[in-house]
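**Q** Structure in structure tokens, see below.
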Amino acid sequence: MKKKLIVITFLSVVMITSILLVGVLGYATYGHIDESYDYNYGVSGNEIEEITLDTDICDVEIKYNETIMPTNISMMIGLEIHLEGIFMEGKSYNDYFEPLKTVNNSLTKSLILRTRPNVWYNPSFWFTKGNIKLIATLRTDLKYNITTMVSTGNINLITTENQTFDNIYMSTSTGNINIFSSGSKFIEDVVISTSTGSIMINSENTDFLEDINIGSSTGNIFCTQNNGAFGGNVQISVLTGNIHFELNNLTNYDNNIWDIATLTGNINILIDQNMDLEGNIQGNIGTSTGNIRVNYYDNNSKISGRFIGSVSTGNIAYTNNNGFIQENNSFRSLDFPTAQFSYDFILHTNTGNILIIGSSS
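Counting from 516, one number per residue, gives the positions in the sequence shown under the working numbering.
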């Protein structure tokens, strides 16, 4: 018994000594890196400015100028790097990152930030903390085609009145993507994807004139469109996560198809339509394991709605708040066959419940 106690005591002493040694060594080797870079990109003279931002580890924010920018500049980039941690004493930017690559010519504007290929084998990098942030400031009077790719980090796009975009492509492997748009116009496709992270699009008086494709492997998707327009098809997909899609007084410039699906998660759809739709919308809303809830309301005689639900394991419930009728698995507004424009969806879940609340005037 005494031998066992001695062994335990000895191991405890060794452990405490090791912790103290690591603490002292870590304090003695604590260091930090603070770097900042500013780049101004010229005007191409083309109708649309081509922008590419490609980073390994970085938060990216894209916004518009709040003060007047020189007429010969199309974009200003500010990059701030702050890293600190144990074993970083004497380390510099070049120990962890490759030289910044920038392209600033008449056709392409780009910035590429890469970590060194072997950085993950560097023990000092394991204990780093801090932040790396890139802010790209655009001009309000120019049109842009923007590609943003991040391996680890978040992407934020903030737009204000009267901004115009061509193609928008944003992707991150680990991080969230947020778009806050007011009074802007996206004239070509919008593609947004993340592997591990959530996506939020909050738009007000914004027009998306071509296809929208939003996807996440693991994360939630939140989309709100208030008093704006769609001109193309909509695809929203998640493997593991929830989808929330809210529409208030949408203008639909064509007859479009929506495909909204998650493999494991819930789907919540809110539609409030009181103005002319101008185009029919058909689509599928489905989840393998999860619930689907639809709240539909229209107060316009030209608008109608129909929802056909099916469940493998679960229940379907229809609630008629005004002007709806149930016909087997179909739940439709009374004016669905005759109204000029309609929302027409098929809903399906393998394991879960479907709830549809309808009101139509």
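For every residue, glycine included, the Cβ atom is placed at its ideal position computed from N, Cα and C. Remember, predicted model here, so these are calculated numbers, not experimental data.
(1) Let me make sure I understand the geometry here. Which of 774, 852, 575, 830 has the alpha-carbon closest to that of residue 865?
(2) For the 8 Å Cβ check, are there 3 or more pairs between the region 758 to 774 and the region 830 to 843?
(3) Would you call residue 551 buried or exposed, if buried means 16 or more other Cβ atoms sit within 10 Å of its Cβ?
(4) Would you list the residues sitting across from residue 631 in a DSSP beta bridge?
(5) Quick one: is residue 869 buried, meaning 16 or more other Cβ sit within 10 Å of its Cβ, or exposed?
(6) Which term fits residue 875, buried or exposed, when burial requires 16 or more other beta carbons within 10 angstroms of its beta carbon?
(7) Mind checking which residues open and close the beta strand (DSSP E) that includes residue 741?
(8) Exposed or buried, what is residue 789 when buried is set at 16 or more other beta-carbons lying within 10 Å of its beta-carbon?
(9) Residue 690 and residue 671 look like a contact to me (Cβ under 8 Å); what is the Cβ gap, rounded to whole Å?
(10) For the beta strand (DSSP E) that contains residue 680, what are its first and last residues?
(11) Under 9 Å, do residue 588 and residue 558 count as touching if we go by C-beta distance?
(12) Between the Cα of residue 654 and those of 757, 781, 556, spot the shortest distance and give me the residue it belongs to.
(13) Let me confirm a value: residue 639 is counted as buried when at least 16 other C-beta atoms fall within 10 Å, else exposed. Which label applies?
(14) Compute the distance between the beta-carbons of residue 567 and residue 623, then report whether it is under 9 Å.
(15) Assess, as a yes-or-no matter, whether the region 679 to 687 is touched by the region 703 to 721 under the definition of 3 or more beta carbon pairs within less than 8 Å.
(16) On the three-state DSSP scale, how would you describe residue 851?
(17) Assuming residue 703 and residue 725 form a contact by the criterion Cβ under 8 Å, report the distance between their Cβ atoms to the nearest whole angstrom.
(18) Write down every uninterrupted run of the beta strand (DSSP E) in the region 750 to 818 whose length is 3 residues or greater and which is fully enclosed by it, in chain order.
(19) Can you list, in chain order, the residues of its chain with a C-beta nearer than 7 Å to that of residue 735? Leave out the 5 residues immediately preceding and following it.
(20) Report yes or no: do the region 781 to 797 and the region 838 to 845 share at least 3 C-beta pairs separated by less than 8 Å?
(21) Check residue 646 in the structure and name its three-state DSSP category.
(22) Using a Cβ-Cβ cutoff of less than 6 Å, which residues in the same chain neighbour residue 730 once the five nearest sequence positions on both sides are dropped?
(23) Given this structure, state the Cα-to-Cα distance separating residue 816 from residue 850, to the nearest angstrom.
(24) On a Cα-Cα basis, can you pick out the residue from 733, 741, 826 that is closest to residue 716?
(25) Which partner residues does residue 553 have in the DSSP bridge list?
**A** On the basis of the data shown:
(1) Nearest of 774, 852, 575, 830 to residue 865, Cα basis: 830.
(2) With a cut-off of 8 Å, the region 830 to 843 and the region 758 to 774 do not count as touching, because too few Cβ pairs lie within range.
(3) Exposed.
(4) Bridge partners of residue 631: none, in fact.
(5) Residue 869 is buried by the Cβ-count criterion.
(6) That one is buried.
(7) 736 to 741 is the span of the beta strand (DSSP E), which, as asked, contains residue 741.
(8) It is exposed - the Cβ of residue 789 has fewer than 16 other Cβ atoms within 10 Å.
(9) With 8 Å as the limit, residue 690 and residue 671 do not qualify as a contact, their Cβ atoms being about 10 Å apart.
(10) Looking at the DSSP string, the run of the beta strand (DSSP E) that includes residue 680 is 679 to 689.
(11) Result yes, Cβ atoms of residue 588 and residue 558 sit closer than 9 Å.
(12) Residue 654 has its Cα closest to that of 556, out of 757, 781, 556.
(13) Classification of residue 639: buried, given that the 10 Å Cβ count is 16 or more.
(14) For the 9 Å CB-CB criterion, residue 567 and residue 623 form a contact.
(15) Result yes; three or more Cβ-Cβ pairs closer than 8 Å.
(16) Residue state, collapsed to three classes: coil.
(17) Between residue 703 and residue 725 a beta carbon distance of about 5 Å is seen, short of the 8 Å cut, so the two are scored as contacting.
(18) The region 750 to 818 contains these whole beta strand (DSSP E) runs: 758 to 763, 771 to 779, 782 to 788, 796 to 804, 807 to 813.
(19) Close CB contacts of residue 735 within its chain, under the 7 Å cut and outside five residues either way in sequence, are with 713, 756, 757 (chain order).
(20) The answer is no - the region 838 to 845 does not touch the region 781 to 797, with fewer than three Cβ pairs under 8 Å.
(21) Residue state, collapsed to three classes: strand.
(22) Result list for residue 730: 708, 752, in chain order.
(23) The straight-line gap from Cα to Cα measures roughly 8 Å.
(24) Comparing Cα positions, the closest option is 741.
(25) Bridge partners of residue 553: 593.
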